[in-house]
């Protein structure tokens with residue numbers, strides 16, 4: 007599963023403490039095997055570090071910088087007049103789909119930590135794969 011380019015971890019944590027951890031743990035319990043977390047401003051690096059160390063999350067920091075150029079690099083700087091945290095969302099989705107093509111049976115685009123998969127016939131460990 008992949009996220010959209012996330013940004014502003016401090017604000018997310020202030021509004022919903024522990025939501026990122028709940029989001030990841032919930033989806034792992036459903037049966038998601040791996041996440042790619044895209045980060046627009048670098049603020050999600052520390053919070054996902056334990057998941058990266060476990061091998062369950064790949065972290066892609068400062069996603070907009072991958073597109074080069076001085077003006078484009080300022081789209082990744084919070085406070086810049088060019089700050090556009092999800093400017094490259096479509097590119098992120100395409101990267102995710104192409105990255106896991108032939109490597110995964112299923113790929114999900116779970117945009118942000120406030121969106122959780124819901125299974126109509128209940129949950130439980132690894133219920134997502136049974137549902138699919």
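In the numbering used here, the protein residues as written are 7 to 138. Where a beta carbon is used, it is the ideal one built from N, C-alpha and C, also for glycine. Since this is a predicted model, take the numbers as computed values, not measurements.
From the DSSP output, which residues share a beta bridge with residue i?
i: residue 45; result: 12
In three-state DSSP terms, what is residue i?
i: residue 71; result: helix
i: residue 125; result: coil
i: residue 38; result: coil
i: residue 65; result: strand
i: residue 115; result: strand
i: residue 52; result: helix
i: residue 60; result: helix
i: residue 106; result: coil
i: residue 32; result: helix
Within 10 angstroms of the Cβ of residue i, are there 16 or more other Cβ atoms? Answer buried if so, exposed if not.
i: residue 37; result: buried
i: residue 31; result: exposed
i: residue 47; result: buried
Flag this pair as yes or no: are the beta carbons of residue i and residue j separated by less than 8 angstroms?
i: residue 43; j: residue 50; result: yes
i: residue 66; j: residue 57; result: no
Exercise. Can at least three beta-carbon pairs, one atom from the stretch 17–28 and one from the stretch 97–117, be found at a separation below 8 angstroms?
Worked result: no
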